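Notes to accompany the following structure.
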Amino acid sequence: MSNNAFLSTGIPYWIISVHAKTVLTLDQIPTCYEDHTRVTACSLKGDVNQQWVLEAKENGFSIKSVVSGTYLGHAAKVTPTGPMTVTANNNAVKFDFEGSQEEGIVNSSQRPLAIDLWGFSTEEGAGLAFWSPTGGSNQKWVFCPVVRYHDSRPKYTGPIDVGGPFRIRSTKTNYSLGYGSVDANVRLQRTNMIDSQAWIFEPTNDGYLIKAFQNNLYLLENAKLGAKGSSFVLEGSSAKGYYVIPVKRHAASLQIKKGETGEGAQADMYPGRKKWLLEWF
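In structure tokens:
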């Protein structure tokens, strides 16, 4: 395995496409226990056929469906080539994961082949294939633990000092989350000492409310501002950044709207993970 100490065996994961924000889904049909069962990328519904467990193998792991007990990959006595459809089978194919918790490539043991979201599709039920690694976003995946924060952390008060104000800055750019007076949208702004980039964190029984310092509106789980806020938990560290996770949508985290980059890009909540730095304002 490569750089994947954050992955654990024996717990269920959602495997989320960085490109499409869709989730690996086993066809839940009467014959799903048999070889060659279709696996597609679908919107997150939270059903058990979207959950996968890692099993340790030497220098890697296999990926087992929670609902069927079969494994992601290909049938036995088959040598995968690209392109070749990825299915679920009784054959425990070995993979490793190359990347970070935010995004990485799932490589089969018979390299050079990666799990590829076919044709960069964002459509419901898009197919998967083994394909040569390209580094494209359609080959990058997030392993998100199936955790219900309101059950597991009912009195969570978080790893940061409460208060602020804080700046919420992207770990990868010099842009920070800000807001304007025209609408309720939260957008990237070039980092600056302006009140529209200042945020207050207020503890709740299960996380934090995140309040805009300038107008006293709260961040909602759709990444817009409103009078009554949603609770969020923070996972990470002050040095490397935090995932900002809505308590009631625990597969999602605060991210940037698909297809948007740079100044003015709109914040959104998608399945997956993106880190943000919290800096004293």
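Per the numbering used here, the very first residue in the sequence shown carries number 64; after that it's consecutive. Cβ coordinates follow ideal geometry from the N, Cα and C atoms, glycine included. Quantities reported herein were computed from a predicted structural model and do not represent experimental measurements.
The C-beta distance from Trp339 to Ile231 rounds to 5 Å, short enough to fall under 8 Å. The three-state secondary structure of Gly199, taken from DSSP, is coil. DSSP, read as helix, strand or coil, puts Asn112 in helix. Residue pairing from DSSP places Asp331 in a beta bridge opposite Gln318.
The beta-carbon separation of Arg101 and Thr150, rounded to 6 Å, stays under the 8 Å limit for a contact. In this structure, the alpha-carbon of Thr88 lies about 10 Å from that of Val130. Cα atoms of Ala290 and Ile273: separation of roughly 11 Å, rounded to the nearest angstrom. Here the C-alpha atom of Val210 lies approximately 15 Å from the C-alpha atom of Gly299.
By the CB criterion at 8 Å, Gly123 and Phe193 fall outside the cutoff. By a beta-carbon distance limit of 8 Å, Ala286 contacts Ala330. Their separation comes to about 4 Å.
Annotated three-state conformation of Gln173 is coil, per DSSP.
The Cβ-Cβ distance between Thr234 and Gly304 falls below 8 Å.
Buried is the label assigned to Asn201, since at least 16 other Cβ atoms lie within 10 Å of its Cβ. In the DSSP assignment, Ala104 falls within the beta strand (DSSP E) that extends over Thr100 to Cys105. Of all C-beta pairs linking the stretch 74 to 85 to the stretch 175 to 190, three or more are shorter than 8 Å, placing the two stretches in contact. Sequence-distant partners of Thr72 (beyond 5 residues in either direction) whose C-beta falls short of 8 Å from its own C-beta, in its chain, are Val116, Leu117, Glu118, Ala119 and Phe124. Where Ala192 is concerned, the enclosing beta strand (DSSP E) starts and stops at Ala189 to Trp194. When secondary structure is reduced to three states using DSSP, Ser239 falls in the strand class. Phe206 is positioned such that its CB atom lies closer than 8 Å to that of Leu70. Of the candidates Ser163, Ala155, Glu166 and Gly182, Ala155 places its Cα closest to the Cα of Gln173. Put simply, of Asn153, Val169 and Ile126 the residue whose alpha carbon is nearest the alpha carbon of Thr94 is Asn153. Boundaries of the beta strand (DSSP E) around Gly162: Phe158 to Gly162.
Rounded to whole angstroms, Gly322 and Pro266 show a C-alpha spacing of 33 Å.
Here Val86 is buried: its Cβ has 16 or more other Cβ atoms, across all protein chains shown, within 10 Å. Tyr242 and Leu283 have their C-alpha atoms roughly 13 Å apart. Linking Ile168 to Ala83 through their CA atoms gives a straight-line distance of about 15 Å.
Beta-carbon to beta-carbon, Tyr333 and Phe295 are separated by about 14 Å, too far to satisfy the 8 Å threshold. C-alpha of Lys311 to C-alpha of Lys140: approximately 43 Å in a straight line. With contacts defined as CB atoms closer than 8 Å, Leu107 and Ala314 qualify as a contacting pair.
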